[in-house]
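So the protein sequences, as listed, match chains A and B.
Taking my numbering, the leading residue of the first sequence gets 363, the next gets one more, and so forth.
Taking my numbering, the leading residue of the second sequence gets 2, the next gets one more, and so forth.
In this text, a Cβ means the ideal position worked out from N, Cα and C, and glycines have one as well.
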Amino acid sequence: MRKKAFKAALPMTIPVLTGYLFIGIAFGILANSNGYHLGWILLMSTFIFAGSMQFVAISLLASGFNILSVILITIMINARHLFYGLSMLDRFKNMGKKKPYMIFSLTDETFSLLCGVDPPGGVNKDWFYFYIALLNHIYWILGSLVGGLLGSLITFNTQGIEFVMTALFVVIFLDQWEKNKDHSPAIIGILSSIICLIIFRAENFILPSMILIMTLLLIFKTTIRLEDEQ
Amino acid sequence: MILTATESFIMILIIAIMTFLTRVIPFILFPDNKETPETINYLGNVLPYASIGMLVIYCLKDISFCERTLWLPEIVSVLVIIIIHKWRKNTLLSIGLGTILYMLIVQFICK
């Protein structure tokens with residue numbers, strides 16, 4: 363049962379493998395150049411496991427010891443996770459011992475895969491989801507360790523490779539678009555974010571976007587009809 | 002490293018805990034053994050669609066229309082991904098070609 367789920371999960375994670383390896387390597391190089399070597403990198407990638415947050419963590423560590431600002435900045439940067447949790451309440455239900463790990467490992471990339479891919483017929487869905495999360499976590503740890511160890515030895519030009527994540531999100535957005543006739547939730551997500559990006563600028567637009575999205579989704583509650591859910 | 006090892010460790014621990022908190026809060030508020038309010042169920046169903054949309058914009062947040070090099074790579078690559086994906090419906094193909102195209106543009110055209 364587990365083997366089958368693993369085999370089904372593995373190909374789904376290939377885009378994340380590419381992205382996490384290279385972004386992980388970039389993180390490892392950055393951490394290393396700030397004096398945080400392998401042990402530290404392993405610690406952060408294993409227990410924080412949040413891409414953009416770890417890059418910010420390095421600059422926080424380099425700017426002095428300030429607990430309050432670390433707490434506030436972490437909440438600001440990771441607030442979008444709240445949406446992921448709300449979206450996964452039902453899916454993680456009855457996952458038993460796997461549930462805490464599923465919650466811990468809910469990154470942007472794992473979330474988007476969980477939204478975008480369905481387990482093939484005959485595959486246990488809980489193990490399938492679990493392996494997607496676990497594989498992604500392993501890629502991230504491996505990438506960052508490689509970056510810390512021998513990042514400076516990479517000679518081919520990897521500039522732009524981080525776009526693989528954007529590409530993944532765009533593709534999952536398109537798949538979700540196809541899945542439903544009612545596109546209003548997707549449109550609300552895109553438009554609210556664009557509006558808030560214009561008003562609040564790149565550094566501060568996520569929280570207002572979340573509030574606007576939530577408000578609009580609630581306003582249109584009676585008119586939105588999703589077909590693949592009851 | 003300007004912090005001591007202990008200070009660094011404390012900072013990392015706090016970041017890890019706070020990150021986990023942002024992930025776990027919905028599950029604490031709406032545990033398995035209690036009936037989830039109908040509105041939250043509804044949000045759980047529609048939020049994936051809105052969240053992925055937000056995530057796409059989040060990835061594109063640094064583009065600017067002041068200069069061609071600041072928007073062209075992203076916009077062109079995203080459009081090509083949309084076209085390829087509509088055409089072949091092959092996830093890896095769309096992601097692979099889109100990423101390679103983006104890399105070529107930022108490395109050779111919009112330097």
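Do we get a CB-CB distance below 9 Å when we pair A:N519 with the residues of chain B? Residue mapping note: residue 519 of chain A aligns to position 157 of the first sequence, counting from 1. Interface residue, yes.
Do you know whose CA, among A:P373, A:Y491, A:A412 and A:M438, lies nearest A:I385's CA? By one-based count along the first sequence, residue 385 of chain A stands at place 23. Just measuring C-alpha positions, the residue of A:P373, A:Y491, A:A412 and A:M438 sitting nearest A:I385 is A:A412.
Does the distance between the C-beta of A:I534 and the nearest non-hydrogen atom of the ligand FAD fall short of 8 Å? Among the ligands in the structure shown, none appear at all, so the ligand FAD cannot be discussed.
Name the chain B residues whose beta carbon is nearer than 8 Å to that of A:M527? Translated into the one-based positions of the first sequence, residue 527 of chain A becomes position 165. Residues of chain B passing the Cβ test: C60.
A:L383 beta carbon less than 9 Å from that of A:Y501: For the purposes of this step, residue 501 of chain A is identified with residue 139 of the first sequence, where counting begins at 1. For the purposes of this step, residue 383 of chain A is identified with residue 21 of the first sequence, where counting begins at 1. Their beta carbons are under 9 Å apart, which means A:Y501 touches A:L383 by this criterion.
Out of A:H443, A:K369, A:K365 and A:I387, state which residue places its alpha-carbon closest to the alpha-carbon of A:L515. Working through the first sequence from its first residue, we reach residue 515 of chain A at position 153. Closest in C-alpha terms to A:L515, from the list A:H443, A:K369, A:K365 and A:I387, comes A:I387.
Specify the secondary structure class of A:A424 as computed by DSSP and reduced to three states. Numbered from its first residue, the first sequence carries residue 424 of chain A at position 62. Three-state result, A:A424: coil.
Buried or exposed: where does A:E591 fall if 16 or more other Cβ atoms within 10 Å of its Cβ makes it buried? The residue labelled residue 591 of chain A in the question sits at position 229 within the first sequence. Since pLDDT at A:E591 reaches only 47, below the 50 mark, its modelled position is unreliable, and the value read off the structure follows with that caveat. Flag for A:E591 reads exposed.
Within the 9 Å Cβ cut-off, does B:K87 reach chain A? As a first step, residue 87 of chain B must be located in the second sequence, where it is residue number 86. At least one chain A Cβ lies under 9 Å of B:K87.
Between the Cα of B:I101 and the Cα atoms of B:P74, B:W88, B:K112 and B:R89, which residue gives the shortest distance? The count along the second sequence starts at 1 and reaches residue 101 of chain B at position 100. Per the Cα distances, B:P74.
What do you get for A:T577, buried or exposed, if any count of 16 or more other CB atoms within 10 angstroms of its CB means buried? Position 215 of the first sequence, counted from the start, is the residue given in the question as residue 577 of chain A. Burial call: exposed.
Can you give the Cα-Cα distance for A:G510 and A:I581, rounded to whole angstroms? Within the first sequence, residue 510 of chain A is the residue found at index 148, counting from 1. Within the first sequence, residue 581 of chain A is the residue found at index 219, counting from 1. Straight through space, the alpha carbons of A:I581 and A:G510 are spaced by roughly 48 Å.
Using a Cβ cut-off of 9 Å, which residues of the segment 376-387 of chain A contact any Cβ in chain B, in chain order? For the segment 376-387 of chain A, which is checked against every Cβ of chain B, the residues closer than 9 Å are I376, P377, T380 and G381.
Which runs of the alpha helix (DSSP H) fall wholly inside the segment 502-588 of chain A and span at least 4 residues, in chain order? Listed in chain order, they are 525-541, 546-566 and 568-581.
Give every residue of the same chain whose Cβ lies closer than 7 Å to the Cβ of A:V418, excluding the five residues on either side of it in the sequence, and list them in chain order. Your numbering for residue 418 of chain A matches position 56 in the first sequence. Cβ within range, chain order: I435 and I439.
Determine, using beta-carbon pairs with one atom in the segment 389-403 of chain A and one in the segment 526-540 of chain A, whether at least three such pairs fall under 8 Å. Contact check between the segment 389-403 of chain A and the segment 526-540 of chain A: fewer than three CB pairs, one atom from each, fall below 8 Å, which does not count as touching.
Distance check for A:G381 and A:K369, CA to CA, integer angstroms please. Here the question's residue 369 of chain A lines up with position 7 in the first sequence. Here the question's residue 381 of chain A lines up with position 19 in the first sequence. Annotation: A:K369 to A:G381 spans about 20 Å, alpha carbon to alpha carbon.
Compute the distance between the beta-carbons of B:P27 and A:M464, then report whether it is under 9 Å. Taking the second sequence and counting its residues from 1, the one referred to as residue 27 of chain B is at position 26. Taking the first sequence and counting its residues from 1, the one referred to as residue 464 of chain A is at position 102. Contact flag unset, no.
Quick check on A:D488: does DSSP put it in helix, strand or coil? Along the first sequence, one-based indexing puts residue 488 of chain A at 126. Helix at A:D488.
Under 8 Å between beta-carbons, which chain B residues line up against A:P570? List them in chain order, please. Here the question's residue 570 of chain A lines up with position 208 in the first sequence. Correct list: empty, because the minimum Cβ distance to chain B is about 11 Å.
May I ask you to list, following chain order, the residues of the segment 46-72 of chain B that have a beta carbon less than 8 Å from some beta carbon of chain A? If the cut-off is 8 Å between Cβ atoms, the segment 46-72 of chain B has N46, V47, L48, P49, Y50, A51, S52, I53, G54, M55, L56, V57, I58, Y59, C60, L61, K62 and D63 near chain A.
Could you work out which residue in B:A51, B:T7 and B:M2 is closest to A:I573 when comparing CA atoms only? The residue labelled residue 573 of chain A in the question sits at position 211 within the first sequence. Looking at B:A51, B:T7 and B:M2, the one whose alpha-carbon comes closest to that of A:I573 is B:A51.
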